[in-house]
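Q: Attaching a single structure in C-alpha cells format; questions to follow.
Protein chains in written order, with the numbering used here: chain A, 5 to 393; chain B, 5 to 393.
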C-alpha cells in the first residue's frame, strides 16, 4: 500500500427536497453575494432555478446570475465570469448542474482571486493559493466533481481540454437530491453510469499491490452502480436507484476509491483528447468506447488484477486468470451495450484517420506519456484508439 | 434510503514515518501553542514522544505536556486539562494515542471554550458552539475517533460513562502511520478489530431498506478487516495488514458505513454500561461478548438482513434465511474466538447478578430504551446481558 493523503471536506446534504434548504445552508456560512452558474434554460423550465432563488432571497442573499455554461465548458466563459465575480464581490459561487457547471465554477473561483490568467493553472504555470468557496446543487450523477479536487476546461482558441487538481477545487458543500435527476434522459444517465464506473476502475486498475480495503470498496461501488444503473435506465423515477448512482458518483471521485494506490486516470486522458477534438462526443460515451479497448490492450501486464475484477464485480467463475480477465472485460462491454452506450469509435461517425490526431493531442504532441497499468506513449495510445475504431 | 448529511473533513496523512511531519503539518495551519495529550509512559519509552516534540520544536511551537489520560478517560482529568488549555492559550490539542486520548482531547477542546461545565455536553444540557481544533497521531487501530463526531467520557463521581456527537468533535487532521501499531499487543489488537467491526455492524444492522451502496461498502470493509485482522494477529509487523486495520478503523466510524440509514449504535450503549461499571473490561472485549448475544436476540425481526451479512461477509451458502442468519452469527463468534476474544460475560469473573445492574445503568435507571434492529427496554436489555453471561 502506498502512502496517501485523504481530504474530502465537502459537507454533503443528501436527500429529498434538500435544494430547498439552500438559502439556509448558504446563510449559515454568512455569505451575502452568490453567483449562480448553470447551463442552458433547463433549470429555468423545470422550476429549479426559481426554487433556489426563492430560498436564497428569503435569506436576503444577493444573486448574480451567470447562466450559459456549455458542455465541455469554455475558458472564454470562465474569463467573463471572473470579471463579474470580482466586480460584484461575489463570496460564494453556487454551481447548479453537473460536471461542466462545476468545472466552470471551480475555474472561476480560483481565477477570481489570482492575478494572472486562469489558463495558467491547467498549464502548471501556477497553482491556486486561494479561491472563492464553491457550493453545488447537483442535477446529474456522473462527474463526481462535487467532492473531487479536479477541474477540466476547454480552451477553444488552442483547441485543448486540460485539467488540474487542487484542494481549492473541493466544494464547500454539495446539495444532492436524487429526485432532481429523474428528468435526466436515458443517454445522459448511461453516460453518467460509465463515468462513475470509469472513475472507480481507473483507480482500481493499477499495479500497486496490497490495497485490500480500497479494492473491496471499489468492487462494492461498481456492483452497486451496475445494479442501480440498470434499474434507473428502466425506471428513471426509481428514487433508490437514482440515489445509489448519485452517492456513488461522489464517492467514486473523492479519492476514496484510490487510497493507497496511484491515481493516474489514464483512460480519462485519452478521452479528454477525444471529446476535446470532437465537441459533440459526451465524456461518458467516449469512456465507454475507450475502456474495453484499453483494458484488452493492457491486461496482460497483470492478468490477476483483471481476473479479480471479473470475479468480484461480474461474478465470473473461471479459474484461469487470463480467461477470467478477458471474460470480465467482455462483461463490462456487454453492460455498456445493455445501457445503449456506443462501443466503437466509428459509431461517432468520425474518420478512421483521426486516431493519429487523437494520439497527438493526448500526448501534447508526443511530449508526454500516460500511465496507469502500463506506460502508454504516442504509438501505444494510437494502438488503443485504433483498437476501438 | 433515508436522507443524510455526510461531513468528514479530517485531513488524513497516512503512511510510513508520517508522524515525523507533525511539526510541518501543525505549522501549516499557523498554530503556536500545542497541548499534547497522551496516556501512560509508553510513547515516551518508544521514542515517539521525543520524535513528535522534536518535530514541533523545529517549527518553534510551544508545547504543553498533558500526559496521563487513563483508559476509559475521566472527566476529572478533562477538567484539569481545560484549566491548563485556557491559562496557556492553547490553540491546538494534539492527541497522541488511541480512542481514550482522543475522547479526552475532544472534551478538553470543546470544554475550554465553553462557560459552563463540560459534563453538560453528554448530559445534553448544552451543545458546543466552538472548540479548539484537535489533531491526532494515532497509535492504535480501534476507535475510529480520529474521523468521528463522537466522544465518550467517564464521570467517576457519578459512575457514568456517557457520550455525545458534534461536528466540533471531528479532528482537523489525523496522522496515521501503521508502523506505530506494530507494538500493540495481541489482546489490544484483537479488541481493536472487534471495535472496528462493531462500528460497521452497528450501522449495517438496521431495518432501513434500500441502502445498496452503503451495504456493499460495509461488507467490503468487514471482509477486509477479517482477513487483515487474522494476518496482524499472526504477524504484528505486517505493514499492509496493519495499514488495512488502521484505514478501516477511520472509515468504519466516520459515518461512511451508515449513510442513508439510522445510526443508533445500540450494542455500544450496552457496552458502555458494561465497561462503565467494570473499568477493567476493554471496550472491544465487551463488544465481542455482547454482539453475538444481541444478534441472536434480535435477528428474527428481519432474518434476511442477517442472512445477507452471512452470505456477503462470511461466504455462508445456505438458501434459507434463518439458517443462513444463524450460521453467519456463529461465524462471527468463531472469528472473535479465533482472535482470542472472550465470548461470555462470566469470562470477566463478574457475578451473574450483575446483569440487572447493567440493564439499569444502560437504561439510565429505566428512563430510556435503545434501538437499532428492535427497540430494547430494561427487560430486553437484561435478557441480552443474561444471554451472554
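Where is the CB? At the ideal position from N, CA and C, for every residue including glycine. Just so it is clear, the structure is predicted and the values come from calculations on it, not from any experiment.
(1) Do you know whose CA, among 53(B), 315(B) and 274(B), lies nearest residue 392(B)'s CA?
(2) List, from N- to C-terminal side, the alpha helix (DSSP H) runs of 4 residues or more that fit wholly inside the region 190 to 277 of chain B.
(3) What residues in the region 12 to 39 of chain B have a beta carbon less than 9 Å from any beta carbon of chain A?
(4) Check distances from the C-beta atoms of the region 332 to 353 of chain A to those of chain B and list, in chain order, the residues that come in under 9 Å.
(5) Output, in chain order, the set of chain A residues within a Cβ distance shorter than 8 Å of residue 10(B).
(6) Have a look at residue 365(B) and residue 325(A) and give me their C-alpha separation to the nearest angstrom.
(7) Is it buried or exposed, residue 213(A), if we count other Cβ atoms within 10 angstroms and call 16 or more buried?
(8) Using a Cβ-Cβ distance cut-off of 8 Å, determine whether residue 224(A) contacts chain B.
(9) Does residue 263(A) have its Cβ less than 8 Å from a Cβ in chain B?
(10) Taking residue 131(B) as the query, report the chain A residues whose CB atoms sit under 9 Å from its CB, ordered along the chain.
(11) Between residue 185(A) and chain B, is there a C-beta pair that is closer than 8 Å?
(12) Looking only at C-alpha atoms, which of 236(A), 238(A), 171(A) and 245(A) sits nearest to residue 215(B)?
(13) Which value, in whole angstroms, describes the spacing of the CA atoms of residue 126(B) and residue 156(B)?
(14) Can residue 285(A) and residue 389(A) be called in contact, C-beta distance under 8 Å?
(15) If residue 27(B) sits next to residue 62(B), beta carbons under 8 Å apart, how far is it from one beta carbon to the other, in whole angstroms?
(16) Measuring CB to CB, does residue 149(B) end up less than 8 Å from residue 189(B)?
(17) Could you pull the DSSP bridge partners for residue 70(B) from this structure?
(18) Distance cutoff 8 Å, beta carbons only. Does residue 5(B) sit that close to anything in chain A?
(19) List, in order along the chain, the chain B residues whose C-beta lies closer than 9 Å to that of residue 232(A)?
(20) Is it the case that the CB of residue 311(A) approaches a heavy atom of the ligand PLP more closely than 7 Å?
(21) Using a Cβ-Cβ distance under 8 Å, would residue 227(B) count as near chain A?
(22) So, are the CB atoms of residue 378(B) and residue 305(B) less than 8 Å apart?
(23) Determine the closest residue to residue 420(A) out of 76(A), 9(A) and 144(A), with distance taken between C-alpha atoms.
(24) I want to verify the contact list: residues of chain B whose CB lies under 7 Å from the CB of residue 221(A), in sequence order.
(25) Could you name the residues of chain A that residue 204(B) contacts, counting a contact when the two beta carbons are closer than 9 Å?
(26) Nearest to residue 35(A) by CA position, among 64(A), 84(A), 179(A) and 208(A), is which residue?
(27) Considering only the alpha carbon of each residue, which of 232(A), 20(A), 299(A) and 208(A) lies closest to residue 330(A)?
(28) Tell me residue 158(B)'s beta-bridge partners as DSSP assigns them.
(29) With 8 Å as the threshold, decide whether the Cβ of residue 259(A) is near any Cβ in chain B.
(30) Would you say residue 146(B) faces chain A, with C-beta separation under 8 Å as the test?
(31) Tell me whether the beta-carbon of residue 197(B) lies closer than 8 Å to the beta-carbon of residue 249(B).
(32) Would residue 251(B) pass as an interface residue toward chain A - the criterion being a Cβ-Cβ separation below 8 Å?
(33) Look at the alpha carbon of residue 15(B) and the alpha carbon of residue 51(B), and state the distance between them as a whole number of angstroms.
(34) Taking the C-alpha atoms as reference points, what is the distance between residue 5(A) and residue 264(A)?
(35) Between the region 104 to 129 of chain A and chain B, which residues of the former have a C-beta closer than 7 Å to a C-beta of the latter?
(36) Would you kindly check if the distance between the Cβ of residue 153(A) and the Cβ of residue 124(A) is under 8 Å?
A: Here's the rundown:
(1) Here residue 392(B) refers to the residue found at position 388 of the second chain. Nearest in C-alpha terms to residue 392(B), of all of 53(B), 315(B) and 274(B), is 274(B).
(2) As for any alpha helix (DSSP H) of minimum length 4 sitting wholly inside the region 190 to 277 of chain B, the runs are 190 to 208, 216 to 238 and 243 to 256, ordered along the chain.
(3) If the cut-off is 9 Å between Cβ atoms, the region 12 to 39 of chain B has 12, 13, 14, 15, 16, 17, 18, 19, 20, 21 and 22 near chain A.
(4) Those residues of the region 332 to 353 of chain A that come within reach of chain B (Cβ to Cβ, closer than 9 Å) do not exist; the list is empty.
(5) By 1-based counting over the second chain, the position of residue 10(B) is 6. In chain order: 15, 16 and 18.
(6) Position 361 of the second chain holds residue 365(B). Position 321 of the first chain holds residue 325(A). The alpha-carbon atoms of residue 365(B) and residue 325(A) are separated by roughly 56 Å.
(7) Against the first chain, residue 213(A) aligns to sequence position 209. Counting the other CB atoms within 10 Å of its CB gives residue 213(A) a total below 16, which places it among the exposed residues.
(8) Taking the first chain and counting its residues from 1, one reaches residue 224(A) at position 220. Chain B, which has a Cβ nearer than 8 Å to the Cβ of residue 224(A), makes this yes.
(9) Within the first chain, the letter at position 259 stands for residue 263(A). Closer than 8 Å: yes.
(10) Here residue 131(B) corresponds to residue number 127 of the second chain, with the count starting at 1. Result: empty, since nearest Cβ-Cβ is about 15 Å, beyond 9 Å.
(11) Working through the first chain from its first residue, we reach residue 185(A) at position 181. So, not an interface residue.
(12) Residue numbering aside, residue 215(B) sits at position 211 when the second chain is read from its first letter. When only C-alpha atoms are compared, the closest one is 245(A).
(13) If you number the second chain from 1, residue 126(B) lands on position 122. If you number the second chain from 1, residue 156(B) lands on position 152. For residue 126(B) and residue 156(B), the distance between alpha carbons rounds to 8 Å.
(14) As a first step, residue 285(A) is located in the first chain; it is residue number 281 there, counting from the start. As a first step, residue 389(A) is located in the first chain; it is residue number 385 there, counting from the start. It is not a contact, given that the beta carbons lie outside the stated cut-off.
(15) Here residue 27(B) corresponds to residue number 23 of the second chain, with the count starting at 1. Here residue 62(B) corresponds to residue number 58 of the second chain, with the count starting at 1. With 8 Å as the limit, residue 27(B) and residue 62(B) qualify as a contact, their Cβ atoms being about 5 Å apart.
(16) Position 145 of the second chain, counted from the first residue, corresponds to residue 149(B). Position 185 of the second chain, counted from the first residue, corresponds to residue 189(B). No.
(17) Here residue 70(B) is taken as the residue at index 66 of the second chain, counted from 1. In DSSP, residue 70(B) forms a bridge with 41(B).
(18) Indexing the second chain from 1 puts residue 5(B) at position 1. At least one CB atom of chain A sits nearer than 8 Å to the CB of residue 5(B).
(19) Residue numbering aside, residue 232(A) sits at position 228 when the first chain is read from its first letter. Residues of chain B whose Cβ lies closer than 9 Å to the Cβ of residue 232(A) are, in chain order, 216 and 217.
(20) This structure lacks the ligand PLP; in fact it carries no ligand of any kind.
(21) Within the second chain, the letter at position 223 stands for residue 227(B). It does: the Cβ of residue 227(B) has a partner Cβ on chain A nearer than 8 Å.
(22) Walking along the second chain from the start, residue 378(B) turns up at place 374. Walking along the second chain from the start, residue 305(B) turns up at place 301. Cβ distance < 8 Å, so residue 378(B) and residue 305(B) count as in contact.
(23) Given a span of 5 to 393 for chain A in the structure shown, any question on residue 420(A) remains unanswerable.
(24) Counted from its first residue, the first chain places residue 221(A) at position 217. Close to residue 221(A), with beta-carbon spacing below 7 Å, are these residues of chain B in chain order: 221 and 224.
(25) For the purposes of this step, residue 204(B) is taken as the residue at position 200 of the second chain. Scanning chain A for C-beta atoms nearer than 9 Å to the C-beta of residue 204(B) yields nothing, as the closest lies near 12 Å away.
(26) To locate residue 35(A), count along the first chain from 1; it is residue 31. That would be 64(A), whose Cα lies nearest to the Cα of residue 35(A).
(27) Locating residue 330(A) in the first chain gives position 326, where the first residue counts as 1. Of 232(A), 20(A), 299(A) and 208(A), the residue nearest in Cα terms is 299(A).
(28) Mapped onto the second chain, residue 158(B) falls at position 154. Beta-bridge pairing links residue 158(B) to 78(B) and 165(B).
(29) As a working note, residue 259(A) is residue 255 in the first chain. No, residue 259(A) does not count as interfacial toward chain B.
(30) Residue 146(B) sits at position 142 when you count from the first residue of the second chain. Not an interface residue.
(31) Counted from its first residue, the second chain places residue 197(B) at position 193. Counted from its first residue, the second chain places residue 249(B) at position 245. For residue 197(B) and residue 249(B), yes; Cβs fall inside 8 Å.
(32) Against the second chain, residue 251(B) aligns to sequence position 247. Yes, contact with chain A.
(33) Residue numbering aside, residue 15(B) sits at position 11 when the second chain is read from its first letter. Residue numbering aside, residue 51(B) sits at position 47 when the second chain is read from its first letter. Answer to the nearest angstrom: the Cα atoms are 25 Å apart.
(34) Position 1 of the first chain, counting from 1, holds the residue named residue 5(A). Position 260 of the first chain, counting from 1, holds the residue named residue 264(A). Each residue's alpha carbon lies about 5 Å from the other.
(35) The region 104 to 129 of chain A vs chain B, Cβ under 7 Å: nothing.
(36) Here residue 124(A) is taken as the residue at index 120 of the first chain, counted from 1. Here residue 153(A) is taken as the residue at index 149 of the first chain, counted from 1. No, they are not a contact pair.
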